[in-house]
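Here's the structure we're looking at; comments come further down.
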């Protein structure tokens, strides 16, 4: 089983990240090795947390997770109807530099980097056919202050038909077209309580193929009483329930895609495991087939290192 390579490297994102590192305070690295700590200056390299924690229900949120799902689609070649499939995300978002810590008068500001691959496999053949794969690279700038959170991200995404799909059906729908975009994503969240946050935002693409929407709108809510923010911060073992819902309305198909997740979290020695039930309805989460309607539900595991 092979993956199709991305045809065009997201040079814009890499250039922004390199420029940000050059503009960061030059003395920070030296003082990390010895002398005054970075936290005293407000600058911290490679922080382990983010002012804007990852979304729980967004199917395109970069992370490490996998789910077995029962999917149902009206049309997609031999993959139409009700099928057992696997949805896999392999990626990581990490903080590169936190320029300042949150205080009563200013927000925490952090620059990060992320890369992720999202794949869908058809599990009812011996070859476990790869249907679709999407690559995402982004440079997020995150802020957090007084119950407000925000994330502005420069990103590149490209979606490709799986090799196994091509070998079975040739070019889908009689023609082949690229699906890629570069743009910015803005999300603003408000913590109604320490456990509950609501968010709204969207994407604006400044470069995209003709078949890709120029804008979309996203909103959602999540409840996540995870250890931290004053509860069980130092515990070596902790468990908690959580739930979230995410909705996306794109300019292209003008239909709402809804995703939901609920499960139990387990934190052991700083590693978080989330056993979760995940469901979706509306336009597909597969990038190349995003205009195909589908519903699915299944059980999965997410790992946060």
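In our numbering, the protein residues as written are 236 to 540.
Don't be surprised by glycine CBs; every beta carbon is placed ideally from N, CA and C.
Cβ-based burial, residue i [other Cβ within 10 Å; buried from 16]
i: residue 319; result: exposed
i: residue 524; result: buried
i: residue 348; result: buried
i: residue 428; result: exposed
i: residue 244; result: Annotation note: pLDDT 42 at residue 244 (below 50); position unreliable, coordinate value reported separately. So residue 244 counts as exposed.
i: residue 533; result: buried
i: residue 396; result: buried
i: residue 281; result: exposed
i: residue 503; result: exposed
i: residue 391; result: buried
i: residue 521; result: buried
Cα-Cα separation between residue i and residue j, rounded to whole angstroms
i: residue 351; j: residue 402; result: 25 Å
i: residue 432; j: residue 513; result: 19 Å
i: residue 438; j: residue 511; result: 27 Å
i: residue 284; j: residue 330; result: 7 Å
i: residue 426; j: residue 292; result: 16 Å
i: residue 359; j: residue 332; result: 45 Å
i: residue 481; j: residue 495; result: 6 Å
i: residue 441; j: residue 479; result: 30 Å
i: residue 279; j: residue 458; result: 29 Å
Close Cβ partners of residue i (< 7 Å) along its chain, the five nearest in sequence each way excluded
i: residue 296; result: 289, 290
Element boundaries [beta strand (DSSP E), containing residue i]
i: residue 345; result: 343–357
i: residue 453; result: 450–458
i: residue 523; result: No beta strand (DSSP E) holds residue 523; DSSP gives it neither H nor E.
i: residue 328; result: 316–335
i: residue 461; result: Counting along the chain, residue 461 falls outside any beta strand (DSSP E), and DSSP gives it neither H nor E.
Close beta carbons around residue i, own chain, < 6 Å, minus the five adjacent residues each side
i: residue 547; result: Residue 547 lies beyond the range of the chain shown here (236 to 540); nothing can be said about it.
Any non-hydrogen atom of the ligand FAD within 6 Å of residue i CB
i: residue 505; result: Among the components of this structure there are no ligands whatsoever, and the ligand FAD is therefore not found.
Specify whether the region 498–508 and the region 303–310 touch according to this definition: at least 3 beta carbon pairs, one from each stretch, less than 8 Å apart. no
Validate contact between the region 376–396 and the region 337–344 using beta carbons, cut 8 Å, 3 pairs: yes
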